[in-house]
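**Student:** My numbering runs 3 ahead of the 1-based position in the sequence shown.
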Amino acid sequence: MYVFHPGDYFVQLGDLRATFPAWLKKRIHAQIAVLADEHTLQYCLPVFEEKTGLRLGENAIVIPAGEQHKSLSMCTFVWNAMLEAGLDRKALLINLGGGVIGDMGGFCAATWKRGIDFVQVPTTLLGMTDASIGGKLGIDFQGVKNTIGVFCEPAGVFVDPVFLDTLPERELRSGFAEVIKHALIGDPALWKAINAKNFKLGKRPNAQDGLSYMDLLRASIEVKARVVKEDPYEKGLRALLNFGHTVGHALESYFLETTEPLTHGEAVAIGIICETCIGAGKKHLDKVAELILKHFPHRPIPMHAADVLLELMRHDKKNASGKVRMAIPGRKPFSMKILEPRDGEIRRSLEYYNTLGPSL
4 MYVFHPGDYF
14 VQLGDLRATF
24 PAWLKKRIHA
34 QIAVLADEHT
44 LQYCLPVFEE
54 KTGLRLGENA
64 IVIPAGEQHK
74 SLSMCTFVWN
84 AMLEAGLDRK
94 ALLINLGGGV
104 IGDMGGFCAA
114 TWKRGIDFVQ
124 VPTTLLGMTD
134 ASIGGKLGID
144 FQGVKNTIGV
154 FCEPAGVFVD
164 PVFLDTLPER
174 ELRSGFAEVI
184 KHALIGDPAL
194 WKAINAKNFK
204 LGKRPNAQDG
214 LSYMDLLRAS
224 IEVKARVVKE
234 DPYEKGLRAL
244 LNFGHTVGHA
254 LESYFLETTE
264 PLTHGEAVAI
274 GIICETCIGA
284 GKKHLDKVAE
294 LILKHFPHRP
304 IPMHAADVLL
314 ELMRHDKKNA
324 SGKVRMAIPG
334 RKPFSMKILE
344 PRDGEIRRSL
354 EYYNTLGPSL
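#1: Taking all protein chains shown into account, decide if Pro300 is buried (16 or more other Cβ within 10 angstroms of its Cβ) or exposed.
#2: If I'm right that Phe179 touches Thr126 with Cβ under 8 angstroms, what's the distance once you round it to whole angstroms?
#3: Going residue by residue through the stretch 218-260, where are the continuous alpha helix (DSSP H) segments of at least 4 residues, counting only ones entirely within it?
#4: Can you have a look at Lys340 and say buried or exposed, based on whether 16 or more other CB atoms are within 10 angstroms of its CB?
#5: Out of Pro24, His287, Ala88, point me to the one whose CA is closest to Lys195's CA.
#6: Which class does Val65 belong to by DSSP, given the choice of helix, strand or coil?
#7: Among residues of its own chain, excluding the 5 on either side of His252, which ones have a beta-carbon nearer than 6 angstroms to its beta-carbon?
#8: Identify, in the order they occur along the chain, each residue of the same chain with its Cβ nearer than 6 angstroms to the Cβ of Lys200, setting aside the five sequence neighbours on each side.
#9: Between Arg221, Ser352, Asp91, which lies nearest to Lys285 when the distance is taken from Cα to Cα?
#10: Grouping DSSP H, G and I as helix and E and B as strand, with all else coil, what is Lys139?
#11: Name the two residues that bound the continuous beta strand (DSSP E) containing Phe23.
#12: Distance check for Phe154 and Lys321, CA to CA, integer angstroms please.
#13: Where Ala308 and Arg173 are concerned, what is the direct C-alpha to C-alpha distance, given to the nearest angstrom?
#14: Ile31 and Ile97 - do their beta-carbons sit closer together than 8 angstroms?
#15: What are the boundary residues of the beta strand (DSSP E) that Gly108 is part of?
#16: Starting from Met339, follow its DSSP beta bridges and name the residues at the other end.
#17: Rounded to the nearest angstrom, how far is the Cβ of Ser135 from that of Val103, given a contact under 8 angstroms?
#18: By the three-class DSSP mapping on this structure, what secondary structure does Thr150 have?
#19: Closest to Gly282 by C-alpha separation, out of Leu259, Gly247, Lys93, would be which residue?
#20: Which word fits Leu75, buried or exposed, when buried means at least 16 other C-beta atoms lie within 10 angstroms of its C-beta?
#21: Are the beta-carbon atoms of Leu90 and Ile66 separated by less than 8 angstroms?
#22: In angstroms with no decimal places, state the Cα-to-Cα distance between Phe13 and Val6.
#23: Starting from the C-beta of Glu233, find all residues in its chain whose C-beta is less than 6 angstroms away, skip the five residues before and the five after it, and write them out in chain order.
#24: Under a three-way DSSP split, which group does Leu86 fall into?
#25: Buried or exposed for Ser338, going by 16 or more other Cβ atoms inside 10 Å?
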């Protein structure tokens with residue numbers, strides 16, 4: 004088992020049997036409820052109950068799966084369910100799911116009766132490596148990602164790789180974008196490992212070509228926890244964790260309104276290429292693009308929508324004085340800075356990404 008301390012709480016990486024029951028035994032909670040989506044209710048809650056000895060099915064608040072449901076109206080649904088369940092200020096909410104469940108469930112808990120305890124039990128690679136850690140909670144509003152939210156630390160985060168076995172391949176791949184991001188921000192050894200010729204993202208959370216999911220999770224969580232601990236409220240250094248997300252969030256919001264939405268990780272993967280294009284040298288850019296296109300299918304960006312995408316970027320919460328701010332790689336690998344690229348530079352980065360696809 005590995006334990007990380009990104010703030011006044013812990014992230015435990017290991018078997019839930021060895022972590023959660025012992026922790027819960029020391030707590031006093033009037034009620035315990037679990038928030039799940041339709042998928043984690045079916046595939047993950049039985050695993051969680053078997054490992055912890057809890058029986059929470061009757062106390063489950065269930066929402067539809069998908070980013071489109073990370074909304075104020077769905078928060079109202081959750082709050083109504085909490086009201087009907089009689090959850091008081093000594094209640095505990097267990098968020099069992101991916102990034103949407105963690106973000107929205109944490110937000111609902113942080114605002115319920117001015118705040119109740121909640122824990123994150125991420126069930127996706129994305130949630131395990133990124134979304135569940137750091138206390139950033141929130142929902143989308145008017146088509147813009149994470150516009151409404153708070154900083155509020157969970158009582159704890161319990162990461163068990165067993166849940167990765169429940170994921171379809173596309174969701175597993177989606178979370179790998181955050182692993183790539185963390186490697187580029189602050190772990191040259193992880194970057195080298197995931198670029199090895201024999202590395203491939205396996206279907207199951209077992210050792211795969213010498214690199215297990217436990218290895219990936221430990222290295223990725225270590226980067227996130229280190230940055231969050233130094234800058235918990237994103238006043239400086241933590242902004243680097245948004246690498247790939249300015250372009251990525253705009254693409255995710257845009258494609259969400261189409262018949263073929265992108266997953267969060269697919270959008271961030273494109274964002275990583277585009278934001279690397281703005282600042283890095285060609286050699287490093289080529290390596291980044293090669294790795295991402297090895298794991299993610301190319302999705303052409305409709306350049307007729309460039310103005311819409313730029314407008315979405317202008318609504319990004321990281322901006323200041325009306326200017327788009329991005330975490331941009333420097334000319335040397337593993338050097339990052341916060342810059343305000345011009346619209347023309349952003350457009351050229353989108354065009355560059357399009358050139359990487361198959362010729363028509």
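Think of the CB as a built atom: it goes at the ideal place given N, C-alpha and C, for glycine as much as any other residue.
**Tutor:** In short, the structure shows the following:
#1: exposed
#2: Wrong, their Cβ atoms sit about 15 angstroms apart, outside the cutoff.
#3: Counting whole runs of 4 or more residues, the stretch 218-260 contains the alpha helix (DSSP H) stretches 248-259.
#4: exposed
#5: Of the candidates Pro24, His287, Ala88, the one whose C-alpha sits nearest the C-alpha of Lys195 is His287.
#6: strand
#7: Close CB contacts of His252 within its chain, under the 6 angstroms cut and outside five residues either way in sequence, are with Lys148 (chain order).
#8: none
#9: Ser352
#10: strand
#11: First-last for Phe23: 19-28, but that is the alpha helix (DSSP H), not the beta strand (DSSP E).
#12: 14 angstroms
#13: If I take the Cα positions, the gap works out to 25 angstroms.
#14: Taking 8 angstroms as the Cβ cut-off, Ile97 and Ile31 do not qualify as a contacting pair.
#15: Counting along the chain, Gly108 falls outside any beta strand (DSSP E), though it belongs to the alpha helix (DSSP H) covering 102-114.
#16: Pro332
#17: Not a contact, Cβ separation roughly 11 angstroms.
#18: strand
#19: Gly247
#20: exposed
#21: no
#22: 7 angstroms
#23: Leu240
#24: helix
#25: exposed
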